[in-house]
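To start, the structure under review is shown below, and the notes come after it.
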Amino acid sequence: MTTPYGGELGWHSRYSDARARILGEDAGGHEGVAGLLHGLCSNLTSTLGVMGAAVNLMSDSGSDGVAAASDDRCRDVDELQFTTGEGPCHEAFAARRPVLTPDLRSAAVRGWPGYAPAALSSGVSAVFAFPLHVGGVGFGVLDVYADRAGSLRSEQVTMALTYAQIATEIMLDGALTTAEGDLEPGLSTALDYRAEIYQAQGMVVSDLAVSPAEALTLMRARAFAGDRPLIDLARDILGGYRLPAED
Amino acid sequence: MISNDRLAHAFVEVADTLVDEFDLIDFLHSLADHAADISGASSVGLLLADHDDALHYMAASSAAARHLELFQIQHDEGPCLDCFRTGAPVILSDLSEAVDRWPAFAPRATEAGVRSVHAFPLRLRDQVIGALNVFGEEPLPFEPDDIKIVQAMADVATIAILQARAISSAEILTEQLQGALNSRIVIEQAKGVMARAGDVTVDEAFTALRAYARSHHLRLVDLAHDVVIGKVDLPRP
Numbered sequence: 046m047t048t049p050y051g052g053e054l055g056w057h058s059r060y061s062d063a064r065a066r067i068l069g070e071d072a073g074g075h076e077g078v079a080g081l082l083h084g085l086c087s088n089l090t091s092t093l094g095v096m097g098a099a100v101n102l103m104s105d106s107g108s109d110g111v112a113a114a115s116d117d118r119c120r121d122v123d124e125l126q127f128t129t130g131e132g133p134c135h136e137a138f139a140a141r142r143p144v145l146t147p148d149l150r151s152a153a154v155r156g157w158p159g160y161a162p163a164a165l166s167s168g169v170s171a172v173f174a175f176p177l178h179v180g181g182v183g184f185g186v187l188d189v190y191a192d193r194a195g196s197l198r199s200e201q202v203t204m205a206l207t208y209a210q211i212a213t214e215i216m217l218d219g220a221l222t223t224a225e226g227d228l229e230p231g232l233s234t235a236l237d238y239r240a241e242i243y244q245a246q247g248m249v250v251s252d253l254a255v256s257p258a259e260a261l262t263l264m265r266a267r268a269f270a271g272d273r274p275l276i277d278l279a280r281d282i283l284g285g286y287r288l289p290a291e292d
Numbered sequence: 037m038i039s040n041d042r043l044a045h046a047f048v049e050v051a052d053t054l055v056d057e058f059d060l061i062d063f064l065h066s067l068a069d070h071a072a073d074i075s076g077a078s079s080v081g082l083l084l085a086d087h088d089d090a091l092h093y094m095a096a097s098s099a100a101a102r103h104l105e106l107f108q109i110q111h112d113e114g115p116c117l118d119c120f121r122t123g124a125p126v127i128l129s130d131l132s133e134a135v136d137r138w139p140a141f142a143p144r145a146t147e148a149g150v151r152s153v154h155a156f157p158l159r160l161r162d163q164v165i166g167a168l169n170v171f172g173e174e175p176l177p178f179e180p181d182d183i184k185i186v187q188a189m190a191d192v193a194t195i196a197i198l199q200a201r202a203i204s205s206a207e208i209l210t211e212q213l214q215g216a217l218n219s220r221i222v223i224e225q226a227k228g229v230m231a232r233a234g235d236v237t238v239d240e241a242f243t244a245l246r247a248y249a250r251s252h253h254l255r256l257v258d259l260a261h262d263v264v265i266g267k268v269d270l271p272r273p
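Top line first, the protein sequences correspond to chains R and V. With our numbering applied, the first sequence covers 46 to 292. With our numbering applied, the second sequence covers 37 to 273.
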């Protein structure tokens, strides 16, 4: 199915060239959605000459997992938006428009006291979030990372928007779920890394008799206070550690 | 031949429909009416193709046009069919010249009082999704500029239809995806709740959950949800 973005000739040839590069590499049609999205992230990274890119699947309650990234480092950086509950993907997804943050050190990112320092420590200086959506229906966000502060040039923004369109097309055209209503296997594997966090979340629900949302908030706060990755805290909880109730 | 005033009015009305709550059939009927009006044709019919590329009647500005569209589908012959297959406009000012081309359709249309037919593809780049048929009770010469104008209306319609389809397809998809994502999450959470409450490993908790769901004829995801919100106290695994 072709998504209808007619318009000036330049846009269309950019779109079909990029699309051919990404989807053409999957000549046999064997790659699942996660594989294609990974190819898209790698391709975008080299085309733009940036640090990396990642696709974050989202719903109204936040990130549901990083479906693909140009490399593991970028996946970990993208995951920071879930572990801190902050970051540009939330606004980009909710408002269905790009959120461009050319300098994570600037005053404007005061709304991210957890996310901004963590991203900077990981070597990220700028982050540009492009929502994946069809009209009002959103799937997630394509995040682009740079290790140097500075705005994207306008042709880079246009290219990123083109890739966001292709990523949306990959999701629309791919099999995301099986007939039984489970996630397609490749996607399932890509998102498996979250399992321990959700299990730990359940344990906190049991320990403290709180809601899952409250449990996650407490876990995030404890990880932030101890300056530890959320996954490390989750593993401690799975090992028997009991989170103290909010004091 | 086509007046600028009527054209401007038609485009404004079409644009209004697109912006408001989009009802596809309503939009297509409105488009057929406007196309008939601006081209001075006696009536207009519209066919759209489904996923298997089979054409279906969608809208017309008159009962007569509707009959002629259905006739073309039934007999697999006619200007709309040619247009759909080639993706190119069919411009025929005098139907009496077309008996060889459409041996079944031409006489039928002539009987219905039609003297000229034109068909415009509903097309975006290499994708043809249907055709718009214009019928005239008199031989209706279409100047090149007139052709461009009606084609432009058809192009606007194509984009609207494809976008409506994309949105509806996306809505279904996102529902399925969210359902699958949410069920994974709640099942992992339930494993955690049960593992802690029962002082067992998450794997043992999962086994107990599945067994309970099976023996009580519950969907695993529904049971998991109830466990997480504290609605169910399972026996210790």
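The beta carbon of each residue, even a glycine, is placed where N, CA and C say it ideally should be.
- Note: residue 127 (chain V) is bridge-paired with V:154 in the DSSP secondary-structure output.
- The Cβ atoms of residue 244 (chain R) and residue 224 (chain V) lie closer than 8 Å to each other.
- Check the Cα spacing between residue 149 (chain R) and each of R:129, R:225, R:172, R:112: the tightest is with R:172.
- Looking at the DSSP output, residue 110 (chain R) sits in a beta bridge with R:102.
- Contact between residue 232 (chain R) and residue 179 (chain R) is ruled out by a C-beta separation of about 19 Å, above the 8 Å threshold.
- No Cβ-Cβ contact shorter than 8 Å links residue 139 (chain V) with residue 183 (chain V).
- In this structure, residue 278 (chain R) sits away from residue 287 (chain R), with a CB-CB distance that is not shorter than 8 Å.
- Proximity to residue 174 (chain V) across V:185, V:238, V:146 peaks at V:146, based on C-alpha coordinates.
- In the DSSP annotation of this structure, residue 204 (chain V) is not part of any beta strand (DSSP E); the continuous alpha helix (DSSP H) holding it starts and ends at 180-234.
- Not a single unbroken stretch of the beta strand (DSSP E) spanning 3 or more residues falls wholly within the region 189-222 of chain R.
- Taking the C-beta atoms as reference points, residue 65 (chain V) is found nearer than 8 Å to residue 95 (chain V).
- Contact check for residue 63 (chain V) against residue 91 (chain V) fails: the beta carbons are separated by 8 Å or more.
- Between residue 82 (chain V) and residue 166 (chain V), the CB-CB gap stays under 8 Å.
- The three-state reading of DSSP puts residue 83 (chain R) in helix, counting H, G and I together.
- Counting C-beta pairs closer than 8 Å gives three or more between the region 183-194 of chain R and the region 99-106 of chain R, which meets the contact rule.
- In this structure, DSSP gives residue 288 (chain R) a state outside helix and strand, which the three-state scheme calls coil.
- Annotated as distal: residue 97 (chain R) and residue 109 (chain R), with beta-carbon spacing of 8 Å or more.
- The alpha-carbon of residue 215 (chain V) is positioned some 12 Å away from that of residue 224 (chain R).
- Between the alpha carbons of residue 194 (chain R) and residue 276 (chain R) lies a gap of roughly 28 Å.
- Residues of the region 220-233 of chain V whose Cβ lies closer than 9 Å to any Cβ of chain R, in chain order: 220, 221, 222, 223, 224, 225, 226, 227, 228, 229, 230, 231, 232, 233.
- Looking from the CA of residue 187 (chain R), the closest CA among R:272, R:242, R:212 belongs to R:212.
- Taking a beta-carbon distance threshold of 8 Å, residue 90 (chain V) does not count as an interface residue toward chain R.
- For the region 167-197 of chain R, the set of residues with a beta-carbon nearer than 7 Å to any beta-carbon of chain V comprises 179, 180, 182, 184, in chain order.
- Just so you know, the alpha carbons of residue 243 (chain V) and residue 270 (chain V) end up roughly 12 Å apart.
- In its own chain, leaving out the 5 sequence neighbours on each side, no residue places its CB closer than 6 Å to the CB of residue 217 (chain V).
- The beta carbon of residue 48 (chain V) does not come within 8 Å of any beta carbon belonging to chain R, so the residue lies off that interface.
- Looking only at R:250, R:175, R:162, the smallest Cα-Cα distance to residue 137 (chain R) is reached by R:175.
- In the DSSP annotation of this structure, residue 147 (chain R) is not part of any beta strand (DSSP E), being labelled neither H nor E.
- For residue 215 (chain V), at least one C-beta of chain R is nearer than 8 Å to its own C-beta.
- Residues of the same chain with a CB within less than 8 Å of the CB of residue 77 (chain R), apart from the 5 flanking positions on each side, are 219, 220, 229, 230, 231, 232 in chain order.
- In this structure, residue 246 (chain R) sits near residue 260 (chain R), with a CB-CB distance shorter than 8 Å.
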